[in-house]
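Novice:
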Amino acid sequence: MLVWTFLVVFGCLLICNSSVILPQSSLSYARQVRCLQGHDAAAPLYQSQLEHNPYDGTTATRLAASPWAVQRLQQIGHFPDTEMIRTLLQEANYTSAAVNAVLGTHRACPCPVYIKPAMAGQTNWTITHEKLTTPVSVLVALLLLGLAVPRASLPDEQQWLKTGIVVPCDFDPSLVIAYASLYPFDLPTGETLYFVTDWHPHVLSTTRFVENEEPVMYLGPDSLALAQHFILTLEDKVEQWLDLCTGSGIQAILTVKRQLCQHVICVDVNPRALRLAAFNARLNQIEDAQITFLQKDLLQDDRLEGNYQVITANPPFLPVPPDIPVHRHGWFSSGGPSGDAVVQAILHQAPHLLEQGGKLAMVSEFFATNGVYTPTTSFGRALLFTNAVPLSVTEYARRRADSAQEYRIWCDHLADYDRMSPGLLFLHHIPRKLWKHVLVPASSQGSLWTPGNTNAIQFTRECSQQYLGWFRSYR
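Here the sequence shown stands for residues -18 to -1, 1 to 457, numbered as in mature numbering (1 follows the signal peptide of the UniProt record, and there is no 0).
#1: In chain order, what residues of the same chain lie with their CB nearer than 6 angstroms to the CB of Val122, ignoring the 5 residues before and after it?
#2: Cβ of Val345 within 7 angstroms of Cβ of Asp204?
#3: Quick check on DSSP: helix, strand or coil for Asn369?
#4: From the beta carbon of Ala260, is the nearest beta carbon of chain C less than 7 angstroms away?
#5: Rounded to a whole number of angstroms, what is the C-alpha to C-alpha distance between Tyr11 and Ala23?
#6: Can you tell me the Cβ-Cβ gap for residue 462 and Pro92, rounded? I've got them flagged as a contact below 8 angstroms.
#7: Answer with buried or exposed for Ala162, where buried requires no fewer than 16 other C-beta atoms within 10 angstroms of its C-beta.
#8: Sort out for me which residues DSSP pairs Ser346 with in a bridge.
#9: Which complete alpha helix (DSSP H) runs does the segment 33 to 114 hold, if anything under 4 residues is left out?
#10: Do Gly317 and Leu329 count as a contact pair if the criterion is CB distance below 7 angstroms?
#11: According to DSSP, is Ala211 helix, strand or coil?
#12: Whose CA, out of Cys393, Arg401 and Val249, lies closest to the CA of Leu373?
#13: Considering only their Cβ atoms, is the gap separating Gly288 from Ala255 smaller than 7 angstroms?
#14: What residues in its chain sit with their C-beta under 7 angstroms from that of Cys151, if we drop five residues either side in the sequence?
#15: Quick one: give me the first and last residue of the beta strand (DSSP E) that Val149 is part of.
#16: So what's Asp225 in DSSP terms, helix, strand or just coil?
#17: Hey, out of Gly39, Phe177 and Pro36, whose CA is closest to Ile67's CA?
#18: Tell me where the alpha helix (DSSP H) around His184 begins and ends.
#19: Between which two residues does the alpha helix (DSSP H) containing residue 473 stretch?
#20: DSSP three-state label for Ile439, please.
#21: Check the DSSP bridge columns for Leu421 and list the partner residues they point to.
#22: Have a look at the DSSP bridge pairing and note the partners of Tyr176.
#23: Would you say Leu406 and Phe367 are within 7 angstroms of each other, going by their C-beta atoms?
#24: Once the 5 residues before and after Leu126 are set aside, which same chain residues still bring their CB inside 8 angstroms of it?
#25: Determine the DSSP secondary structure at Gln338, reduced to helix, strand or coil.
#26: Are there 16 or more other CB atoms within 10 angstroms of the CB of Leu281, so buried, or fewer, so exposed?
#27: By DSSP's criteria, Thr351 is part of a beta bridge. Which residues make up the other side?
#28: Is Arg390 helix, strand or coil when you go by DSSP?
#29: In whole angstroms, what is the alpha-carbon distance linking His395 and Pro303?
#30: Indicate whether Gly434 and Arg257 have their beta-carbon atoms separated by less than 7 angstroms.
#31: Going by C-alpha to C-alpha distance, which of Trp313, Gly353, Gln57 and Ala209 sits closest to Asp225?
#32: Find out if the Cβ-Cβ distance for the pair Ala438, Leu450 is shorter than 7 angstroms.
#33: Let's see if you can read the secondary structure: which residues bound the alpha helix (DSSP H) around Ser429?
In structure tokens form, the structure reads like this:
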């Protein structure tokens, strides 16, 4: 249990045999080539790493070394028999509660979003073999932790191999790896939803693997925060719902499954995101008439049309410095140099899309100058939630940088700000204007975006009721 718990906290596996760890300089160089020049240029470098260390049990290394990885990644989301995948997951008891039990975490959280898969060269798979004692533990290692697992341990092996998600390793056919992540999401009703996404950058190394498409974001705490603080607390039903920057489709699918709307439109610039979102809708037994998918660039295309009662949005929001290579941050993360390019595009269109009395809920990162967060909207009643204990800009830069040089670039780029906080922006489209910034108190359960933080959920709900007239009393 110690190995699994260590992974959740630090995002890497406990290494029991240091002799199998590859020189990080070689892996860093391979990652840089893959990021800047693409998968094909880097594959031979990763193949060389595997030759020196055949016990590297990471999906990251084995996928990166495969000459057929790009073609296989393209097949994700095309498998027609989603009912078979759903059955395989249910038979393995692949729920968030079961995953948390395997990982040794005890927080009541509907989705295991804080798991970071192993980076290339981080682990020798043999040390985790003894952990693969149940079907759900095998799927956790395979679909969430980014580990190659023994083919013989895979439940319903032949069925999984048909899906294209799980593939025999090209360099050791006794092992299988997954070409996508797959997250369970436990609803309060007891039903478990499933979401296929692309791997965390730890595995994909931020590479763009096909032209005109980019990876679909894994489920992170921002996605879950929007779901827990807004969608899972709503009770009123509406006719038309717009989900912007839909990604894997989690917000839209939760909306439909909770029967909050008759029809939801999902918008994203990335055709791969729309393909995976449609796949996830089928995987969760949503009818075609309940959901529509629309490719749209909010920064360049013509304005959206429609009349909606609710808009949800999880836009890209990283303020990426111009000197950082563009391939390091894809469509799902980069919000332009200021970080709020897509945020502002959404707020610009919102008055024309929301009917009077309509609601907008957006998740983003917000930067302050001299402790003040500048209002981001000029219509309706707006409520901004940020953490009472924010990050300093220097700490934020440290977390985003890949090297000492990048740290300096980030610090210089963000020199006009002094702090940053993850946040939620709620907006009620009514004639009376209000801009209210509320600090969410820190608690023993964590901060605003911490999954399962019932203290924060209750706080944002009560404030929304007080200032916006939303929600009923918290239960």
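Quick reminder that beta carbons are idealized off the backbone N, C-alpha and C, glycines included.
Specialist: Per the coordinate set shown:
#1: Position 140 of the sequence shown, counting from 1, holds the residue named residue 122. Result list for Val122: Val81 and Val84, in chain order.
#2: Taking the first residue of the sequence shown as 1, we reach residue 345 at position 363. Taking the first residue of the sequence shown as 1, we reach residue 204 at position 222. Contact flag set, yes.
#3: As a position in the sequence shown, residue 369 is number 387, starting the count at 1. If DSSP states are grouped into helix, strand and coil, Asn369 belongs with the strands.
#4: Here chain C cannot be found, since the structure has a single protein chain.
#5: Residue mapping note: residue 11 aligns to position 29 of the sequence shown, counting from 1. Residue mapping note: residue 23 aligns to position 41 of the sequence shown, counting from 1. Using only the alpha carbons, I get a separation of about 12 angstroms.
#6: Because the chain is modelled from -18 through 457, residue 462 falls outside the range shown and cannot be assessed.
#7: On the sequence shown, position 180 is the one that residue 162 refers to. The residue in question, Ala162, is buried, as its Cβ has 16 or more Cβ neighbours within 10 Å.
#8: On the sequence shown, position 364 is the one that residue 346 refers to. For Ser346, which the question treats as bridged, DSSP gives the partners Gly405.
#9: 41 to 47, 51 to 57, 64 to 73 and 78 to 85
#10: On the sequence shown, residue 329 is found 347 positions in, with the first residue counted as 1. On the sequence shown, residue 317 is found 335 positions in, with the first residue counted as 1. The answer is no: Cβ separation not under 7 angstroms.
#11: The count along the sequence shown starts at 1 and reaches residue 211 at position 229. First, the amino acid is wrong: residue 211 is His here, not Ala. In this structure, His211 counts as helix in the three-state DSSP scheme.
#12: Stepping through the sequence shown from its first residue, residue 373 is reached at position 391. The residue with the shortest Cα to Cα distance from Leu373 is Arg401.
#13: Within the sequence shown, numbered from 1, the residue matching residue 255 stands at position 273. Within the sequence shown, numbered from 1, the residue matching residue 288 stands at position 306. For Ala255 and Gly288, no; Cβs fall outside 7 angstroms.
#14: Counted from its first residue, the sequence shown places residue 151 at position 169. For Cys151, where only same-chain residues beyond five positions count, the Cβ hits under 7 angstroms are Arg44, Ala130, Leu157, Val158 and Ile159.
#15: In the sequence shown, counting from the first residue as 1, residue 149 sits at position 167. Per DSSP, Val149 belongs to the beta strand (DSSP E) from Val148 to Cys151.
#16: For the purposes of this step, residue 225 is taken as the residue at position 243 of the sequence shown. The answer is strand: DSSP assigns Asp225 an E or B state.
#17: One-based indexing of the sequence shown puts residue 67 at position 85. Minimum Cα distance to Ile67 is reached at Phe177.
#18: Here the question's residue 184 lines up with position 202 in the sequence shown. From DSSP, the alpha helix (DSSP H) with His184 extends over Pro183 to Leu186.
#19: Because the chain is modelled from -18 through 457, residue 473 falls outside the range shown and cannot be assessed.
#20: If you number the sequence shown from 1, residue 439 lands on position 457. Of the three classes helix, strand and coil, the one that applies to Ile439 here is helix, per DSSP.
#21: Your numbering for residue 421 matches position 439 in the sequence shown. Its beta-bridge partners are Thr368.
#22: As a first step, residue 176 is located in the sequence shown; it is residue number 194 there, counting from the start. For Tyr176, which the question treats as bridged, DSSP gives the partners Pro166.
#23: The residue labelled residue 406 in the question sits at position 424 within the sequence shown. The residue labelled residue 367 in the question sits at position 385 within the sequence shown. Contact flag set, yes.
#24: Mapped onto the sequence shown, residue 126 falls at position 144. Around Leu126: Val81, Pro94, Ile97, Pro99, Ser163, Leu164 and Tyr165.
#25: Residue mapping note: residue 338 aligns to position 356 of the sequence shown, counting from 1. The answer is strand: DSSP assigns Gln338 an E or B state.
#26: Along the sequence shown, one-based indexing puts residue 281 at 299. Exposed, since its Cβ has fewer than 16 Cβ neighbours within 10 Å.
#27: One-based indexing of the sequence shown puts residue 351 at position 369. Answer by DSSP bridge pairing, in chain order: Val354.
#28: Here residue 390 refers to the residue found at position 408 of the sequence shown. Reduced to three states, the DSSP call for Arg390 is helix.
#29: Start at 1 with the first residue of the sequence shown, and residue 395 comes out as number 413. Start at 1 with the first residue of the sequence shown, and residue 303 comes out as number 321. Each residue's Cα considered, the two are about 6 angstroms apart.
#30: Numbered from its first residue, the sequence shown carries residue 434 at position 452. Numbered from its first residue, the sequence shown carries residue 257 at position 275. Not closer than 7 angstroms, so no.
#31: Walking along the sequence shown from the start, residue 225 turns up at place 243. Residue Ala209 is the option with its Cα nearest to Asp225.
#32: For the purposes of this step, residue 438 is identified with residue 456 of the sequence shown, where counting begins at 1. For the purposes of this step, residue 450 is identified with residue 468 of the sequence shown, where counting begins at 1. In this structure, Leu450 does not lie closer than 7 angstroms to Ala438 by Cβ.
#33: As a working mapping, residue 429 is identified with position 447 in the sequence shown. Neither: Ser429 is in no alpha helix (DSSP H) and is coded neither H nor E.
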